[in-house]
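The structure appears below as structure tokens.
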Amino acid sequence: MMIQAQSSTSSGRMPYHEFYLDDFAPREHYTPLWEHIRKTGQSALGDKAQAAHLALRTEGVTFTVYSENEEGIERVWPFDLLPRIIPAAEWVPIEAGLKQRVRAINLFLCDLYHKQQILKDGVLPADLIFQGKDFRREIMDIDPPQGIYPHISGIDLIRDETGRYLVLEDNCRTPSGVSYMIENRIVERRILPEFFAKYRVRRVEHYPALLLQALRYLSPRGADNAEVVLLTPGIYNSAYFEHTFLAKEMGIELVEGRDLFVKNNVVYMRTTQGLRRVDVVYRRVDDAFLDPLAFRPDSMLGVAGIVDAWRAGNVAIVNAPGCGIADDKAVYPFVPDIIRYYLGERPILDNVPTYLMTRPDDQAFVLDNLERMVVKSVSESGGYGMLMGPASTPALRAEFAQNIRENPRNYIAQPVIPLSRHVCYLDGELESRHIDLRPYVIYGKDIEVVPGGLTRVALTKGSLVVNSSQGGGSKDTWVLAE
Amino acid sequence: MLSRIADSLYWMSRYLERAESTARLVEINLLYLLEAEDQLTEAAQWRPLLAICGSEAAYSETYKGAPVTANRVIQFLTQQRNNPNAIRTSLRLARENARVVRDRISKEMWEAMNEMWLQVDRQLSGPLLPERAAGFYSEVRSGVARFHGITSGSMMRGQPFNFYLLGTFLERTDMTARILDVKYHLLLPDASMVGSPLDFYQWAALLKSLSGFEAFRRIYQAGLRPIDVAQFIIFESDFPRSLRFSLDRMKQAIDQLAETAPDERTAVCVQGLLARLEHTDAEQAFKLGLHEFLEDFLDGVRELNDALAARYFEAYLGDESCVT
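In the order they appear, the protein sequences are chains A and B. Residue numbering for the first sequence follows the numbering used here, beginning at 1 and increasing consecutively. Residue numbering for the second sequence follows the numbering used here, beginning at 483 and increasing consecutively.
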């Protein structure tokens, strides 16, 4: 279902425009690009857009949309030609803010699964954690390799009407999209080399190398002796392309659950030459499906006994089981407090104001103002299970209101923030569309952020939903060098 | 390498070979029927193809006893969705297996495979028109040839490459033996007889459906004697679609695999197949009965396939002494 919303907000202010100033002149950092387009003519872009689509199609850069058909529908990755440009000075606080956030989240997870001091100190209500679907009692008091839980996070940023960057979501389970960040760059460079000549764009293609280093760092047998594998649910998974891409870039085996096997708490993979010991499993399978012995017994995707092997310290699981509680949408409003609590620092990146439905005052206010709110189910992602107030019908609002009253822990609400807009080349025209940004944070020996990220575009006019499963597109994202 | 990956590589090339041989078979049949001088009915011209592809039962289930016609057979062998051996199905499965091993094959290989599938899928979005059919088959053949060329130029030699070779040659052996078996059955039972003009075309078509007509002519100038054709297709070690040639390639691949992952049963199977071809020739095979000879050979091929699966593809559950 496509969710429509009006572009202007309840506050009546216009969304921030990344490209244009108020008088429709381009912002300074877009001027060289703009002049280039004016000089070569807009029609030249049409051929380029076609060439980009063909290149992505031939290369098989696709994602799978789940459908009734058991094979799923493979779609070519939607790519918009015009890059999103982030000036160096703007990137500095983003990078610092992301690192700060992930460092605090790791301390939080470590605490939750050991002493739970933060709950004893009353910073978060203990109920909120214990009722969380993604809090895993099974892993209490386990020390993961190197003390790291969220090795990879994809943190979604949006910009409010003033252009301020806000964190919308901390994705620290198995965030996807990083391969598209790199593919977008590869295509952009091949199709539009002339754009690059005008700028000093920072590189992003070393992401897999950084990731591999971080993964090897976790090996129980030492980084120099690390057999690292990527665990995929298989070719019908929506992110299968990404799994093959990353495995190939890192030169590691791409395995399915049935390729792995646990014996005496050691993980092996089945090869033509016998069993081979595995040290690090970068899993792209959710916690629930990871180990039928520890979590969902009906899982066909997982590996029986892998959590015990992890508990015994014989294998690293990336991200660690149990990370999901940190990006539970009901925990999200507390992340600024979590940063203050563990680091004693002021949060560099702000949250979107959020109402907790478990707080009676918040709930009453939200129920009175549903048509101006975005209501999200805490356990859903990918743009599913959402109410977009301004575009909703009275019947849908009534349904959500009832759900909120019945199960307040399951919902949060936020005022509609109009995502910033950017120009896109669509069917021969330059049109403005809403965008967000997902940079990727790797927590290894150090915390690293690749300068860039995945810019997602809501291709439907006025829509604020950027998820690729819901008709979103993407742009190459340029972070400029000083 | 992972057993599952070995399995997928093997099947990727088996399906590819299956698509290619089927395309050639149908294409040749189609071309030779343009000038229909012979007395064969339409059904008699097309039914053998179903036998060769092992699709007779599936065909009659689909068409519920309707007469065998050129259009139906073409449709069935090319694009019928419920025919597991149709060209479209084979290419779809080849590509699906390539997707599984995408991180183990070269980027160029994947792109060639993907492009070929996208093109075929587009062309077969509706029924294949008879006037387009021959062109379509020749595109399929060149698409597969292109893939093999790119593979030869870009894939690392080693275990994965050997599984790719085994898939190709095992499928080829199987197909060659079936083509010969079915066609021989229909043609002359008298081995020494030089055929009528009708037979000439039939034997020529058989050789062409194996890309072997010109090579055969160069070696055997006397005419198209069935016994020579059989000798060539079974025993000629320089002809790339002969049983002998394919078997030699499989033997090499298995010997290389054995260097790091030996297997007694596989070795015995391939030896057994070679023994069936050594110290004998077409004349003796005819005496024994060519059909029996080929049946026995195909049994050996199936045993080899099972041995490979048991040792290399099926989840390996050895004890810890196997841990490397």
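Cβ atoms here follow ideal geometry from the backbone N, Cα and C, with glycine treated the same way. Since the structure is predicted, the reported quantities are computational estimates derived from the model, not experimental observations.
According to DSSP, A/F79 shares a beta bridge with A/S474. Going by C-alpha positions, A/D476 is about 49 Å away from B/P744. In the three-state scheme derived from DSSP, where H, G and I count as helix and E and B as strand, B/K769 is classed as helix. Sequence-distant partners of A/N106 (beyond 5 residues in either direction) whose C-beta falls short of 7 Å from its own C-beta, in its chain, are I148, Y149, P150, Y443. The Cβ of B/R581 sits closer than 8 Å to at least one Cβ of chain A. In terms of Cα proximity to A/R202, the closest of A/V331, A/P451, A/L437 is A/P451. Taking 8 Å as the threshold, the shortest C-beta distance from A/D259 to chain B falls below it. Assigned with DSSP and collapsed to three states, A/H53 falls in helix. Taking 8 Å as the cut-off, the Cβ atoms of B/A594 and B/I632 count as close. Residues of the region 593-626 of chain B with a Cβ closer than 8 Å to any Cβ of chain A, in chain order: E593, N596, E597, L600.
Taking 8 Å as the threshold, the shortest C-beta distance from B/S485 to chain A falls below it. The three-state reading of DSSP puts A/G274 in strand, counting E and B together. Boundaries for A/C424: no alpha helix (DSSP H) harbours it, while the beta strand (DSSP E) harbouring it runs 421-426, taken from the DSSP string.
In this chain, A/L301 is not harboured by any alpha helix (DSSP H), its DSSP state being neither H nor E.
Close CB contacts of A/E138 within its chain, under the 6 Å cut and outside five residues either way in sequence, are with A294 (chain order). Within chain A, the residues placing a beta-carbon under 7 Å from that of B/D585 are T244, A247, K248, L254, ordered along the chain. Assignment of B/L512 by DSSP, reduced to helix, strand and coil, places it in the helix class. Straight through space, the alpha carbons of A/F245 and B/Y666 are spaced by roughly 49 Å.
Per the C-alpha coordinates, the member of A/R57, A/L124, A/F135 positioned closest to A/R340 is A/L124.
Taking every protein chain shown into account, the CB of A/Y342 has 16 or more other CB atoms within 10 angstroms, so this residue is buried.
Interface with chain A (8 Å Cβ-Cβ cutoff): B/Y794 is included. The region 760-768 of chain B makes no contact with the region 690-698 of chain B; the number of CB pairs closer than 8 Å stays below 3. Collapsing the DSSP output to three states places B/L759 in a helix. Here A/D134 carries a coil assignment [DSSP, helix/strand/coil]. As the crow flies, the alpha-carbon of A/L290 is around 18 Å from that of A/E253.
Per the C-alpha coordinates, the member of A/L157, A/K99, A/A55 positioned closest to B/K589 is A/A55. Under the three-state reduction of DSSP, A/A316 is assigned to strand.
Ranked by how close their Cα comes to the Cα of A/P144, the residues A/F19, A/R311, A/S379 have A/R311 in first place. Residues of chain B with a Cβ closer than 8 Å to the Cβ of A/M181 do not exist, since the nearest Cβ in that chain sits about 18 Å away. By the beta-carbon neighbour count (other beta carbons within 10 angstroms, threshold 16), A/M140 is exposed. Taking CB atoms only, A/R57 has a neighbour in chain B less than 8 Å away. Of all C-beta pairs linking the region 226-244 of chain A to the region 174-188 of chain A, three or more are shorter than 8 Å, placing the two stretches in contact. Sixteen is the threshold: when 16 or more other Cβ atoms of the shown chains lie within 10 Å of the Cβ of A/K329, as they do, the residue is buried. In the three-state reduction of the DSSP assignment, A/N410 falls in the helix class, which pools H, G and I. Of all alpha-carbon atoms in A/C110, A/D121, A/K99, the one lying nearest the alpha-carbon of A/I152 is that of A/K99.
Neighbours of A/Q50 across chain B, judged by C-beta separation under 7 Å, do not exist; the nearest C-beta is about 16 Å away.
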